[in-house]
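For the sequence shown, my numbering begins at 34 and goes up steadily by one.
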Amino acid sequence: MTFSAAIRFYGEVDQNEIRFGESLILSLTVEGDVSRVPNPELGAIDDFRIESRSKSRSTSVSIINGRMEKKSTITFVYRIRPKRAGKLTIPSARIRIGDSTYITKPIPITVVKDRPRPKAKGEPIYLKLNINKRKVYAGEPVIISYYLYTRFDVANLSLITEPGFSGFWTEEYTPKQLKFKSKVIDGIRYNYALIRRYYLFPIQARSYEVTPLVLSCDVLLPSRSFFDFFSETRRVELSSDPVTVIASPLPEPRPDGFTGGVGRFRFEVSLDRTESRKSEPIILTCKITGCGNVKVIDAPRLPEIDGVQILKPEIKDRIERSKDRISGTRTFSFPIIPKRDGKIIIPPISFSYFLPGKGYQTVRSERLEFISRECKPLSYDDKTGIEILGGDIHYIKPDLLRIKSFHLYPPFIFNLLYPISIGIIILALLYRFHQHRLITDQAYMRRREAKGRFMAALNMAKKEGSIGFIYKGLLDYIGDRLNLPTRRMSKSELEKALLRQKIESDTVKATIALLSELEEMSYGGGELKTVDELLKKTKAVVKRL
């Protein structure tokens, strides 16, 4: 008896035309007498986001005319979601088995940018998107809320895909726990709860597309029989509708005091004290408080102030996120150094902001003043001393009386104190700068915390024996280290981003290959390896980044 079977490799999808926001199933199948099959290489699948992947295998043996034919079928299943509407193409995939390479045909996909599909009347569970405005001004907040509506009990909610907010400045509010309320819709009672709320600030005047939020959960269905005490559990995937936001430019002309604020704000100006001695700096504080994105507001333009030098301000932000709104305070602290004595007058300072529905608003501070004293710096050029006039005075003989100095501390102590003091001041300034950057610079904060979060993920992987922690830890480390949204990026997008960071191509390839391997093993595919092996391999890759 002999074994014979030709090898086939082909791809197929469950549907060729879908609405934007929906997902489809891509299946890549290998058929034939094969024992070990490597993972297929997907082409540049930039127009799609891979949400999950799995692998299945089956084997059949048949005898025809005395010949035994063994046929194995290995199917790689990918759930993918298009990133945009239009005529898209799933590129050819390839796989190498032995000395031969097999290639699938490209698959055309039509993604329809249609009106959101209405929820079926009486649908037992769904996601609903609420948006406060679809047309706004650039910088005006857009509030998007995602609610879960259900007629049954749910458990184990898991976020699959976060909504895409490309081009927005984003602030997020996530409830600590789901608080369900009851509501009757078309005669049917639902329980609903807020899942996520986002405050979006469009940076430029243009059209924006918000991609769907996708989550999965277990739905506990009641038993159909009175004598059946056990309920049925089903895992379902839910997707919100996409939405378009149009941002218009702010009207012209803009007032001179406008520095980017859009919303409703208060403006306060104050001095830390009313007197300065010996050119000691006075701190002029400009505080902007209100509802809106205070992080994009630039420093107020100060008027000409005679007799002082104004240094660059220190900026501090405090953001308050709540269920209903986002507000904050941005504080500008200007050091002012007097250059003359007398009364220093600070004229009123103007601050303008744009209030949607009412136009530009301008507020002015009160006139402030302080007194400068002893501003003239000391001069060390004047020589002082004692002049002895000739007369009836005997000269003091130097060998009879010596003036000796007495030191409480050895002289070298004072020589050491000076550089030590300078060093302490420098360290304090560096620490203050570090703390300020942690608050105001998100990229800096992510870089500083990257290693700690990465090691915590690896420790959790070792403790739980879970490869998923290694995969997420590596993905988050790359994102934190390079300030990239890695969880929203495809492998090809991530590879291009790493190359743009001028990381060596060999290191980039090794990183992408390891991520693919970890992701596949997290879903149960690929060659089985121990957690310790993967930890060692992951640490080696991170060391090269």
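C-beta atoms are modelled at their ideal positions from N, C-alpha and C, and glycine is treated no differently.
Note that this is a predicted model, so its numbers are computed, not measured.
Under a CB-based cut-off of 8 Å, is ARG299 close to chain B? This model lacks chain B altogether; it includes just one protein chain.
Measuring straight from C-alpha to C-alpha, what distance separates ILE545 and SER85? Mapped onto the sequence shown, residue 545 falls at position 512. Mapped onto the sequence shown, residue 85 falls at position 52. Going from the Cα of ILE545 to the Cα of SER85 covers about 17 Å.
To the nearest angstrom, how far is the alpha carbon of ARG306 from that of SER405? The residue given as residue 306 occupies position 273 in the sequence shown. The residue given as residue 405 occupies position 372 in the sequence shown. So the two alpha carbons sit approximately 11 Å from each other.
Between the C-alpha atoms of VAL295 and THR362, what's the straight-line distance to the nearest angstrom? The residue labelled residue 295 in the question sits at position 262 within the sequence shown. The residue labelled residue 362 in the question sits at position 329 within the sequence shown. Whole-angstrom Cα-Cα distance: 14 Å.
Span of the alpha helix (DSSP H), counted from its first residue to its last, around GLU3: No answer is possible for residue 3: the residues shown for the chain start at 34 and end at 578.
For ASP251, three-class secondary structure by DSSP: Numbered from 1 along the sequence shown, position 218 holds the residue referred to as residue 251. Here ASP251 sits in strand by DSSP.
According to DSSP, which residues form a beta bridge with GLU45? Position 12 of the sequence shown, counted from the start, is the residue given in the question as residue 45. DSSP, once it has assigned bridges, lists SER60 as partnering GLU45.
8 Å CB neighbourhood of THR203 in its chain, flanking five on each side removed: Numbered from 1 along the sequence shown, position 170 holds the residue referred to as residue 203. So the list reads TYR231, TYR232, LEU233, PHE234, once near-sequence residues are dropped.
Do you know offhand how far TYR393's Cα is from VAL169's? By one-based count along the sequence shown, residue 393 stands at place 360. By one-based count along the sequence shown, residue 169 stands at place 136. In a straight line, the C-alpha of TYR393 is about 15 Å away from that of VAL169.
Can you tell me whether ALA118 is helix, strand or coil according to DSSP? In the sequence shown, residue 118 corresponds to position 85, counting from 1. In this structure, ALA118 counts as coil in the three-state DSSP scheme.
Going by DSSP, what residues sit across from ALA188 in a beta bridge? By 1-based counting over the sequence shown, the position of residue 188 is 155. In DSSP, ALA188 forms a bridge with ASP251.
Which residue marks the beginning of the alpha helix (DSSP H) containing VAL575, and which one marks its end? As a working note, residue 575 is residue 542 in the sequence shown. Residues 564-577.
Drop a sphere of 10 angstroms on the beta-carbon of ASP47, count the other beta-carbons inside from all chains shown, and report buried for 16 or more, exposed for fewer. Within the sequence shown, residue 47 is the residue found at index 14, counting from 1. With fewer than 16 Cβ atoms within 10 Å of its Cβ, ASP47 is classed as exposed.
Report the three-state DSSP secondary structure of VAL276 (helix, strand or coil). Translated into positions along the sequence shown, residue 276 becomes position 243. If DSSP states are grouped into helix, strand and coil, VAL276 belongs with the strands.
Does the Cβ-Cβ distance between ALA288 and SER385 come in under 8 Å? Reading the sequence shown from its first residue, position 255 is the one you call residue 288. Reading the sequence shown from its first residue, position 352 is the one you call residue 385. It should be noted that the sequence gives Pro, not Ala, for residue 288. In contact: PRO288 and SER385 (Cβ atoms closer than 8 Å).
Using the C-alpha atoms, what's the distance from PHE201 back to GLY65? Here residue 65 refers to the residue found at position 32 when the sequence shown is read from its first residue. Here residue 201 refers to the residue found at position 168 when the sequence shown is read from its first residue. So the two alpha carbons sit approximately 50 Å from each other.
Given this structure, state the Cα-to-Cα distance separating PHE487 from TYR510, to the nearest angstrom. Within the sequence shown, residue 487 is the residue found at index 454, counting from 1. Within the sequence shown, residue 510 is the residue found at index 477, counting from 1. Looking at the two C-alpha atoms, the distance is approximately 6 Å.
Cα-Cα separation between GLY423 and GLU407, rounded to whole angstroms: Here residue 423 refers to the residue found at position 390 of the sequence shown. Here residue 407 refers to the residue found at position 374 of the sequence shown. Because the pLDDT at GLY423 is just 40, under 50, the model does not fix this residue reliably, and the point stays unresolved.
Hey, would you say PHE502 sits closer than 8 Å to ALA483, going by beta carbons? In the sequence shown, counting from the first residue as 1, residue 502 sits at position 469. In the sequence shown, counting from the first residue as 1, residue 483 sits at position 450. Not a contact, by the Cβ cut-off of 8 Å.
Judging by CA-CA distance, which residue of GLU550, ILE359, THR364, GLU402 is the nearest neighbour of PRO174? The residue labelled residue 174 in the question sits at position 141 within the sequence shown. Checking every option, the nearest Cα to that of PRO174 belongs to ILE359.
In the structure shown, what three-state DSSP assignment does GLY197 receive? Within the sequence shown, residue 197 is the residue found at index 164, counting from 1. Coil at GLY197, not helix or strand.
Determine, using beta carbons only, whether ARG334 and GLY290 come nearer to each other than 8 Å. For the purposes of this step, residue 334 is taken as the residue at position 301 of the sequence shown. For the purposes of this step, residue 290 is taken as the residue at position 257 of the sequence shown. Yes, the pair counts as a contact, with Cβ atoms nearer than the cut-off.
Using the C-alpha atoms, what's the distance from ASN163 back to GLU560? Position 527 of the sequence shown, counting from 1, holds the residue named residue 560. Position 130 of the sequence shown, counting from 1, holds the residue named residue 163. Low confidence applies to GLU560: its pLDDT is 46, below 50, so where it sits in the model is not reliable, and the reading given next is rough at best. About 45 Å.
Alpha carbon to alpha carbon, how far is SER273 from PHE53? Give it in angstroms, no decimals. By 1-based counting over the sequence shown, the position of residue 53 is 20. By 1-based counting over the sequence shown, the position of residue 273 is 240. Using only the alpha carbons, I get a separation of about 11 Å.
Start-to-end residues for the alpha helix (DSSP H) that takes in LYS505: Sequence index remark: in the sequence shown, residue 505 carries index 472 (1-based). Taken as a continuous stretch (DSSP letters only), the alpha helix (DSSP H) holding LYS505 covers 500-515.
Any idea if PHE466 is buried or exposed, counting beta-carbon neighbours within 10 angstroms, 16 or more meaning buried? The sequence position of residue 466 within the sequence shown is 433, counting from 1. Exposed, because fewer than 16 other Cβ atoms sit within 10 Å of the Cβ of PHE466.
Identify, in the order they occur along the chain, each residue of the same chain with its Cβ nearer than 8 Å to the Cβ of ARG117, setting aside the five sequence neighbours on each side. Position 84 of the sequence shown, counting from 1, holds the residue named residue 117. Only PHE53, ASP80, VAL144, GLU242 meet the Cβ criterion.
Mapping the DSSP letters down to three states, classify VAL67 as helix, strand or coil. The residue given as residue 67 occupies position 34 in the sequence shown. Three-state result, VAL67: coil.
Counting Cβ pairs closer than 8 Å, one from the stretch 372-386 and one from the stretch 318-334, do we hit at least three? yes
Do THR62 and THR106 have their C-beta atoms within less than 8 Å of each other? Here the question's residue 62 lines up with position 29 in the sequence shown. Here the question's residue 106 lines up with position 73 in the sequence shown. The answer is yes: Cβ separation under 8 Å.
PHE185 versus SER87 - alpha carbon distance: Within the sequence shown, numbered from 1, the residue matching residue 185 stands at position 152. Within the sequence shown, numbered from 1, the residue matching residue 87 stands at position 54. One C-alpha to the other measures close to 29 Å.
For VAL217, count the other beta carbons within 10 Å of its own beta carbon; 16 or more makes it buried, fewer makes it exposed. Which is it? The residue you call residue 217 lines up with position 184 of the sequence shown. Counting Cβ neighbours within 10 Å, VAL217 comes out exposed, since fewer than 16 surround it.
Indicate, with yes or no, if the ligand ADP has a heavy atom lying under 7 Å from the CB of LEU344. Looking for the ligand ADP in the displayed structure turns up nothing, as the structure carries no ligands at all.
Quick one: measure Cβ to Cβ for LEU57 and ILE113, integer angstroms, because I've assumed they're closer than 8 Å. Numbered from 1 along the sequence shown, position 24 holds the residue referred to as residue 57. Numbered from 1 along the sequence shown, position 80 holds the residue referred to as residue 113. Right, their Cβ atoms sit about 6 Å apart.
Give every residue of the same chain whose Cβ lies closer than 7 Å to the Cβ of GLN342, excluding the five residues on either side of it in the sequence, and list them in chain order. One-based indexing of the sequence shown puts residue 342 at position 309. Taken in chain order, the residues that qualify are ILE370, LYS372.
If we count the other Cβ atoms within 10 Å of its Cβ and call it buried at 16 or more, is ASP513 buried or exposed? By one-based count along the sequence shown, residue 513 stands at place 480. Flag for ASP513 reads buried.
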